[in-house]
Amino acid sequence: MILGIVAGALLAGMGMALIRALRGPGAFERVLAASSFNIKTLLFITVIGFVAGSPVDYVDISIMYAVISFISMVAVLRCIEHGGFTGDRDKEP
Amino acid sequence: MSILEVVSGVLMLAGALFVLTGSVGLLRLPDALTQVHAVGITDTLGVGLIILGLAIRAGPTLLALKLLLILAILVLTTPTTSHAIARAVSRYRSRPWKDGQGRAP
Amino acid sequence: MKEFLLHYHYWVVVFLMMTGLYAVVASGNLLKKVVGLNVFQASVFMLYISLGVVDGGAVPILRPEVTVYSNPLPHVLILTAIVVGVATTSLALALVVRIKEAYGTVEEDDIHRRDEAE
Amino acid sequence: MTDLVLAALFVMMIMTALAAIRLTDLFAVVIMFSIYSLLAASMFVVMDAVDVALTEAAVDAGIATILMLATLVLTDRWERPSARLRMVPLAVVCLTGAVLLYGTLDMPIFGDASSPANTHLATYYLTESPGEVGLPNVVTSVLASYRAYDTLGEVAVIFTAGVGVLALLGAARSGRGGAAPMRDNPVPRVIAKIMIPLIILFALYVQLHGDFGPGGGFQAGVIFAAAIILYAIVFGVDAAAQVIPPAGLKVMMTGGVLLFAGTGFVTMALGGAFLDYDVLVRDPLAGQHLGIVLVELGIGITVAAVVISVFLAFAGRRRAR
Chain A
1 MILGIVAGAL LAGMGMALIR ALRGPGAFER VLAASSFNIK TLLFITVIGF VAGSPVDYVD
61 ISIMYAVISF ISMVAVLRCI EHGGFTGDRD KEP
Chain B
1001 MSILEVVSGV LMLAGALFVL TGSVGLLRLP DALTQVHAVG ITDTLGVGLI ILGLAIRAGP
1061 TLLALKLLLI LAILVLTTPT TSHAIARAVS RYRSRPWKDG QGRAP
Chain D
2001 MKEFLLHYHY WVVVFLMMTG LYAVVASGNL LKKVVGLNVF QASVFMLYIS LGVVDGGAVP
2061 ILRPEVTVYS NPLPHVLILT AIVVGVATTS LALALVVRIK EAYGTVEEDD IHRRDEAE
Chain Y
3001 MTDLVLAALF VMMIMTALAA IRLTDLFAVV IMFSIYSLLA ASMFVVMDAV DVALTEAAVD
3061 AGIATILMLA TLVLTDRWER PSARLRMVPL AVVCLTGAVL LYGTLDMPIF GDASSPANTH
3121 LATYYLTESP GEVGLPNVVT SVLASYRAYD TLGEVAVIFT AGVGVLALLG AARSGRGGAA
3181 PMRDNPVPRV IAKIMIPLII LFALYVQLHG DFGPGGGFQA GVIFAAAIIL YAIVFGVDAA
3241 AQVIPPAGLK VMMTGGVLLF AGTGFVTMAL GGAFLDYDVL VRDPLAGQHL GIVLVELGIG
3301 ITVAAVVISV FLAFAGRRRA R
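Structure, rendered in structure tokens:
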């Protein structure tokens, strides 16, 4: 029961972060939304594992998500810096 | 219902509430710098509470240890990401949002 | 009608596939074509995995107290396909980088125009 | 419950996919693709495919996204809206979709245990593999033992793709001044120093625990490569090339494939069939286990080396003017 409520809340959080990522408007908003989305997805997987009854198999995936989400976010930020993806089109001259 | 179950349930529900609050903030606040305020803090706290709740539910097993490992990784990485994003915004975006500029699209 | 509704996940998968296909066919940007291919690919993976689901089945890791498992065969096929997919994607991306260096653009129309001009 | 979760994930996937083809900011498109892969991975989790979810999350949401970002840095961020008529592609896509939808009408319903896909071989693997291979994770048994020949082909494809990328972009050479380190941002540097050993440890765990839980050589190789990629991003490509020299990567790339194939030749020399591990040790089950560990090690080494060298090849390149 409680697991169901928590899973639902996380799913709603995923949805809200996704909507923010879709709307943008700028690159930074999308990056922030994606990072938040990753964390909520990871938690959602863990909770789903408990609901499914064999959480041990699912927890490894969650560790993986945490690691990969960190690495891809560092890569995204490096890319913003290195590639100069700082402005947005409407603000460019 | 044992005391541990109640504690784990309360922790998880509180965590879910924090995550929801942060998500609403992410959705409603106008720009990345303000959204970091909502998401950076509540995500770490909500994640911590939910994982603690799950770990109590799992009992003293290897599973609880793995959950605490996830918690340790997230406590290290989530604030780092938020900080790096906020720093990048403050460095590269010349005009932060000011009061009265209207709401998020 | 009920029979129809039980097939809805196929419709979603087909829709996602066609979204990817549209990006491949209609977009002029080579990088976007690669993204489209990957979207297409992921939806095909989903089709396979959905075929292996068994109602009430567990993860195919044998445990004494469980009797019903999902089908492991699609998992194996798709697991290797994902890794091979990223290998081919990296090859495509390397080609995109080389095209950018040779032509100065990754837009298909411009590349054709330059080819015809020469 | 499962149906509701699946429906919610499906809706999110459709939104993400549509956004990915609609946006003209390719940077946003790549971020959308990363989210799309994570959603697909969640979908695999809900559909009981934990091994696949592990791979999808590591490979598509991690490595493919990073490679696309690297390509983006070397090309342009904005897609030019093309002036072409879009009606023809739309018609083609609609027609193909209609044909596919017609085809799905004969497909088994979701979760049907008696569908043809779930009856013949699947039941054999699930009931016979404990006696023949003796590992709890059936996916690993099928991947590395029953279908090992197929997997050898896949590893060869990955190797070939790695060689292809190196031929196109050139192996990364140190001292050529690739992407510089993140000098001005101390926090990620410190955290990366803590995280990298943890990630490598986790990669080893996934590699060796793949017999009993989700994991195996493919996933472990990608995670190991991700740790090195993190090092390269934070401390610079040149520093990463010093940690793992490109010549060593080439040896690893070939060594993994050779270890896989060599295991097969050893089993042949011992009188068995190619990649039939029963003959490796006196006890067939122990032989199977030894063979699977060796083969998974070969997969892991090749995948890690290919992914690292592909990333270094991309990151060592400069933007064309």
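Chains as they are written, first to last, in our numbering: chain A, 1 to 93; chain B, 1001 to 1105; chain D, 2001 to 2118; chain Y, 3001 to 3321. Glycine included, each C-beta is placed from N, C-alpha and C at the ideal position.
query, result
"Status (buried if at least 16 other CB within 10 Å, exposed otherwise) for Ala3007/Y", "exposed"
"Pairwise C-alpha distance: Asp3278/Y and Leu3039/Y", "40 Å"
"For Gly1046/B, the first and last residue of its enclosing alpha helix (DSSP H)", "Ala1032 to Ala1058"
"Residues near Arg3147/Y by beta carbon distance below 6 Å, same chain, minus five either side", "none"
"Gly3256/Y versus Gln3219/Y, Leu3294/Y and Gly3271/Y, residue with shortest Cα-Cα distance", "Leu3294/Y"
"Contact set for Arg3176/Y: own chain, Cβ-Cβ below 7 Å, skip 5 residues either direction", "Residue placement at Arg3176/Y is flagged as unreliable, the pLDDT there being 49, under the threshold of 50; a coordinate-derived value is accordingly withheld."
"N- and C-terminal bounds of the alpha helix (DSSP H) containing Trp2011/D", "Tyr2008 to Ala2026"
"Proximity test, Cβ basis, 8 Å: Gly26/A and chain B", "yes"
"Residues in the region 2055–2072 of chain D having any Cβ partner in chain A nearer than 9 Å", "Ala2058, Val2059, Ile2061, Arg2063 and Val2066"
"Interface residues of chain B facing Met51/A [CB-CB closer than 8 Å]", "For clarity, residue 51/A is Val in the given sequence; the question names Met instead. Within chain B, no residue comes near Val51/A; the closest Cβ sits about 11 Å away, beyond 8 Å."
"Spatial distance of Leu3018/Y from Ala34/A (CA atoms)", "16 Å"
"Endpoints, alpha helix (DSSP H) assigned at Phe3010/Y", "Thr3002 to Arg3022"
"8 Å Cβ cutoff met for Ala3058/Y and Gln3219/Y", "yes"
"Bridge partner(s) assigned by DSSP for Ile2061/D", "Asn3137/Y"
"Residues near Ser3174/Y in its chain [Cβ-Cβ closer than 7 Å; skip 5 each side]", "Low confidence applies to Ser3174/Y: its pLDDT is 44, below 50, so where it sits in the model is not reliable enough to give any reading."
"Nearest-angstrom beta carbon gap, Asp3051/Y and His2075/D [assumed within contact, 8 Å]", "6 Å"
"Classification of Met3043/Y by the beta-carbon crowding that lies within 10 angstroms, buried from 16 upward", "buried"
"For Asp3283/Y, three-class secondary structure by DSSP", "coil"
"Residue of Thr3096/Y, Thr3071/Y, Met3107/Y and Gly3062/Y minimising C-alpha distance to His2009/D", "Met3107/Y"
"Listed by chain order, chain D residues near Asp57/A by CB distance under 8 Å", "Val2059 and Ile2061"
"Among Leu1026/B, Gly1048/B, Gly1022/B and Ser1002/B, nearest to Met1012/B - alpha-carbon criterion", "Gly1048/B"
"Counted within 10 angstroms of its Cβ, other Cβ atoms place Leu2079/D as buried (16 or more) or exposed", "buried"
"Nearest to Val3187/Y (by Cα), restricted to the options Arg1087/B, Leu1071/B, Tyr1092/B and Arg1091/B", "Arg1087/B"
"CB-CB length for Ala3064/Y against Val2086/D, believed under 8 Å", "5 Å"
"CB contact check: Thr41/A to chain Y, cutoff 8 Å", "yes"
"Contact with chain D by Ser36/A, beta-carbon distance below 8 Å", "no"
"Where Asp3025/Y falls: helix, strand or coil (DSSP)", "strand"
"Cβ-Cβ distance between Ala21/A and Ile3035/Y below 8 Å", "yes"
"As assigned by DSSP and simplified to three states, the class of Asn2038/D", "helix"
"Chain A residues whose Cβ lies nearer than 7 Å to that of Thr3065/Y", "Ser72"
"The region 1010–1026 of chain B touching the region 51–69 of chain A, judged by at least three CB pairs closer than 8 Å", "no"
"Nearest-angstrom Cα separation, counted from His3209/Y out to Gly3215/Y", "7 Å"
"For Met3268/Y, the first and last residue of its enclosing alpha helix (DSSP H)", "Pro3246 to Ala3269"
"Reduced DSSP secondary structure (H/G/I, E/B, other) of Asn2071/D", "coil"
"Limits of the alpha helix (DSSP H) - the one that Glu1005/B falls within", "Ile1003 to Arg1028"
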